[in-house]
Amino acid sequence: MNTRTPCAAPGYRAFSPATRVTPAERAAGEAAAMVAPIGLEELMALAELQTRVDRKYFVPAAIFHRMIAELAPGMQVLEIDGRRTFGYESIYFDTPGLDGYHSHIQRRRQRFKARTRTYTDSGQCMFEVKLEGARGETVKRRVPHPVEHSGELTGAALAHLRTALSDAYGWSRPLRLHPALATTYRRTTFVSRTGDVRLTCDVALSCLDAHHEVRDTGTHVLVESKSAGGGNAPDQILRRFGVRPVSVSKYCVGIAALHPELPSNPWHRTLRRYFGPLRVAA
Numbered sequence: 001m002n003t004r005t006p007c008a009a010p011g012y013r014a015f016s017p018a019t020r021v022t023p024a025e026r027a028a029g030e031a032a033a034m035v036a037p038i039g040l041e042e043l044m045a046l047a048e049l050q051t052r053v054d055r056k057y058f059v060p061a062a063i064f065h066r067m068i069a070e071l072a073p074g075m076q077v078l079e080i081d082g083r084r085t086f087g088y089e090s091i092y093f094d095t096p097g098l099d100g101y102h103s104h105i106q107r108r109r110q111r112f113k114a115r116t117r118t119y120t121d122s123g124q125c126m127f128e129v130k131l132e133g134a135r136g137e138t139v140k141r142r143v144p145h146p147v148e149h150s151g152e153l154t155g156a157a158l159a160h161l162r163t164a165l166s167d168a169y170g171w172s173r174p175l176r177l178h179p180a181l182a183t184t185y186r187r188t189t190f191v192s193r194t195g196d197v198r199l200t201c202d203v204a205l206s207c208l209d210a211h212h213e214v215r216d217t218g219t220h221v222l223v224e225s226k227s228a229g230g231g232n233a234p235d236q237i238l239r240r241f242g243v244r245p246v247s248v249s250k251y252c253v254g255i256a257a258l259h260p261e262l263p264s265n266p267w268h269r270t271l272r273r274y275f276g277p278l279r280v281a282a
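So that you can map any letter, position 226 of the sequence shown is 226 in the working numbering, and since no number is skipped, the others follow by simple counting.
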């Protein structure tokens, strides 16, 4: 069941949690039970893929179940304190004009996303900057962040952001950022026994701001395949099942859903197929 933690950003409202277990949640839980466990420290030592090639898929629940069943002998699933599925909350920061969103729409080569990520089961929080590498790979730089300030950028977070942007793009201009969007979801993480592939599998995705929320339909698992070079076994299995990669960003999809007045052509199909209607806070 989705027990969404209220967003920590000031002014963001807590929406009522979903009351039923969706097909995607059920498939994720059953798939996690098929695979041998691995602890967090062992997983991080095995597959610290901070620079990687990512492919994302919306996988129908039944196909997801079949994929993990096929991969199970060569995979392990993250387990902490007996749990194999974990709550995540991300708060994204952008300029008042949503320059970060527009840079993705326009596919600028020098673009970034800045967010805090809270692991709601443990209360740990990180500040992360995601950058576009020179060869199209994703580069993520992160530092610890106080969970009580997850809805704001501390001095340390701003310093980390400035350094990341200077190192990657040579930027030195000041940025005025504020909380623009929150996302919550439940994640199960699989890693290959050889450490060269990681799968993050998200269900119960909700995107919200101070006044609105949109949720996924609960019929698909959002799978992200992460590897040093791409073309791994999960990618090949999904291709065989006719599931193709999609270009999707939780931040961009969320902003497009909550701000229908903005240009959103790249995500029209994603919103129509995989997300429900816009909900208004009571």
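The beta-carbon is built from N, C-alpha and C at its ideal position, and this holds for glycine as well. Being a predicted model, the structure only gives us computed values, none of them experimental.
Asked, Found
"Beta carbon of S247 nearer than 8 Å to that of P266", "yes"
"Element boundaries [alpha helix (DSSP H), containing G87]", "Taken as a continuous stretch (DSSP letters only), G87 belongs to no alpha helix (DSSP H), being part of the beta strand (DSSP E) at F86 to D94."
"contact_flag[the segment 203-219, the segment 248-259] where n(CB pairs < 8 Å) is 3 or more", "yes"
"Distance, E89 Cα to R215 Cα", "14 Å"
"8 Å Cβ cutoff met for I63 and F241", "yes"
"Buried versus exposed call for S150 [16 or more other C-beta atoms within 10 Å across all chains shown]", "buried"
"Nearest-angstrom beta carbon gap, T188 and A32 [assumed within contact, 8 Å]", "5 Å"
"Boundaries of the alpha helix (DSSP H) in which F64 is found, first to last residue", "A61 to L71"
"R239, buried or exposed, once every other Cβ within 10 Å from all chains shown has been counted against 16", "exposed"
"Cβ separation of Y57 and V223, assumed to be a contact under 8 Å, to the nearest whole Å", "5 Å"
"Range covered by the beta strand (DSSP E) that runs through H212", "H212 to R215"
"Residue nearest to E128 in terms of C-alpha spacing, selected from I68, R272 and A114", "A114"
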